[in-house]
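For the sequence shown, position 286 matches number 1314 in the working numbering, and the numbering has no gaps at all. Glycine included, each C-beta is placed from N, C-alpha and C at the ideal position. Below is one structure, written out as structure tokens; the observations come after it.
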Amino acid sequence: MLAIDERCAEADFAEQLRRILPYGLRGRVVRIVGLTAAVAGLPAPLGALCTIHRDDGQDLLAEVIGFHNDDTLVQPYGDLSGIRRGNNVTLFRSAPGIRFGERLLGRVINAQGGFIDGLPPTVLPHRAPLMREPVSPLERPRISQVLATGVRVLDGLLTCGRGQRMGIFAGSGVGKSTLMGMLARKSAADVNVVVLVGERGREVREFLEKDLGPEGLARSVVVVATGDEPALLRLRAAYTGTAIAEAFRDAGRNVLLMMDSVTRFALAQREIGLAAGEPPATRGYPPSVFALLPRLLERSGQTNQGSITAFYTVLVEGDDTNEPISDTVRGILDGHIVLSRKLAHETHWPAIDVLQSISRSMSDIVAPEHRAASDRLKQLLAAHRQAEDLLSIGAYQSGSNPLVDTAVRLKDEINRFLRQSKDEATPFQETLQRLGQLDALRSQIKK
């Protein structure tokens, strides 16, 4: 079982008891607007869970999302059909949480923590709060250790540190899920937490069996909220996965958190915010979206107990990496990985555009010779890209630019380093060795 200090567990439990309001709070439905019900006489706090009692006996769980005059606005976790004016509403829980334990590994759960993989349910002895404040900035140790991912282009040119937060920016169909599966199977993390927010129902099983595989699933917890589920559940899935990752981190584990995608999290909050009466702002997103993003993304990172290294995917609209959500997330995270549709069309996998990507912690965690070799390889890639149009029409004159000449001669070797099949994993030291060999070839050609 998890090595969690019992005194801390008791303190957490006492804090939850202090925040829980007495049972018996009751109100009634006075109107329904769209996907939201207004309840009179229910002084429940924002985020509290309540139960709407329908006439057919099938109670419906709902969450408090706002207030209007004297009414409490709630949004249900299911279909509003069958609810009428006057239905009773009772408080269910004012401090939502999630149960967790070692036996979560290898399991697939929904946003509310229920098992959906068809296997027998198991007892989970611990409970973690769903909503927590991010770790104080002065309590975060500096990122100083490399997290090996097994992906050469990342380990060699975009090295990620333990506790770092990276964004994967891409349009649809350019290999986000495949890259996440590679990271889950081959990274050096102790535990993986994979959160699928608003995923297509058809692709969930495909991701589990094809991209993640038995090897990756065995040391992972997968949280799923498909696109057909209510916005509250899609939003809650992100918080559930983050809370589980925090629980494992607090138990001394090094956790790899992968969330696909932050964009669908933002879309879910946009739906909730507009239903609660928020005014639309940038591209229809209400202000609450841009307030929630840093509060969610800042919860990952390193502490004195353990670490959460996070990869958040961002589904960019029309491959525009400067749209509002992409721009906001890029400013919060510690680096970004851009997947290129052009490279995907060329069957260059993983389709990572190195020149548009950056790891902000790389210079602090790698050896000087590693950083120098990486910079020189990026210079060759940049020189080749600048001369690409001339090269494609045969107008480039050899000898015009020594960097371009070297890049052209080493193009095949560079591509062999950057390309990698999804079933291949390269140890970190081997990646450094191959990067050093490329650098040596560059030096020989230059002479």
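Between the alpha carbons of Ser1248 and Thr1375 lies a distance of about 29 Å.
Between Ala1266 and Val1225, the C-beta spacing is below 9 Å. The DSSP-derived three-state label of Gln1297 is helix. Contact between Ile1272 and Leu1175 is ruled out by a C-beta separation of about 19 Å, above the 8 Å threshold. Taken through DSSP and simplified to helix, strand or coil, Ala1400 comes out as helix. The three-state secondary structure of Thr1375, taken from DSSP, is coil. Under the Cβ criterion (8 Å, minimum of three pairs), the segment 1106-1119 does not count as touching the segment 1232-1243. If you compare the alpha carbons of Asp1145, Gln1192, Arg1160 with that of Val1250, the shortest gap goes to Asp1145. With a beta-carbon spacing of about 5 Å, Ala1304 and Ile1093 fall inside the 8 Å limit used to define contacts.
Going by DSSP, Met1159 is part of no alpha helix (DSSP H) at all; its letter is neither H nor E. Burial state of Ile1137 is buried, judged by a 10 Å Cβ sphere holding 16 or more other Cβ atoms. In the three-state reduction of the DSSP assignment, Thr1291 falls in the helix class, which pools H, G and I.
Taking the Cα positions, Ser1200 is about 21 Å away from Leu1321.
For Gly1422, no alpha helix (DSSP H) run applies, since DSSP gives it neither H nor E. In this structure, the CA atom of Gln1086 is about 33 Å from the CA atom of Thr1291. Per DSSP, reduced to three states, the secondary structure at Thr1310 is helical.
Cα atoms of Val1432 and Thr1331: separation of roughly 45 Å, rounded to the nearest angstrom. For Arg1054, the enclosing beta strand (DSSP E) starts and ends at 1054-1061. Its Cα nearest to that of Val1163, the residue Arg1323 stands out among Ala1372, Arg1323, Ile1442. In terms of CA proximity to Asp1107, Thr1064 leads the group Ser1402, Glu1274, Thr1064. If you look at Ser1335, you'll find it in the beta strand (DSSP E) that goes 1335-1343. In the DSSP annotation of this structure, Asp1362 is not part of any alpha helix (DSSP H), being labelled neither H nor E. Of the residues assessed, Gly1062 falls on the exposed side of the cut-off, its CB having fewer than 16 other CB atoms within 10 angstroms. Residue pairing of Ala1065 in beta bridges, as defined by DSSP: Ile1060, Val1102. Shortest Cα-Cα distance from Asp1083 to any of Ser1109, Ala1253, Thr1454, Ala1411 involves Ser1109. In this structure, Arg1180 is the residue among Gly1191, Gln1425, Arg1180, Arg1228 with its C-alpha nearest to the C-alpha of Asn1443. Considered as a whole, the segment 1184-1230 harbours 1193-1198, 1219-1227 as its complete beta strand (DSSP E) runs of no fewer than 3 residues, in chain order. Counting every other CB atom within 10 Å of its CB across the protein chains shown gives His1154 a total of 16 or more, marking it as buried.
The beta carbon of Asp1099 sits closer than 7 Å to those of Val1058, Ala1066, Val1067, Ala1068, all from its chain and outside the five residues before and after it, given in chain order. Residues of the same chain with a CB within less than 6 Å of the CB of Ala1275, apart from the 5 flanking positions on each side, are Phe1128, Ala1156 in chain order. In the structure shown, Gly1329 falls within a strand segment according to DSSP collapsed to helix, strand and coil. Only buried fits Arg1298, as 16 or more other CB atoms lie within 10 angstroms of its CB. With a cutoff of 9 Å on beta-carbon distance, Arg1264 and Leu1152 are scored as not near each other. For the 9 Å CB-CB criterion, Ile1196 and Tyr1340 form a contact. DSSP lists Glu1227 as the beta-bridge partner residues of Thr1254. Residue burial annotation: Gly1203 is buried, with at least 16 other C-beta atoms found within 10 angstroms of its C-beta.
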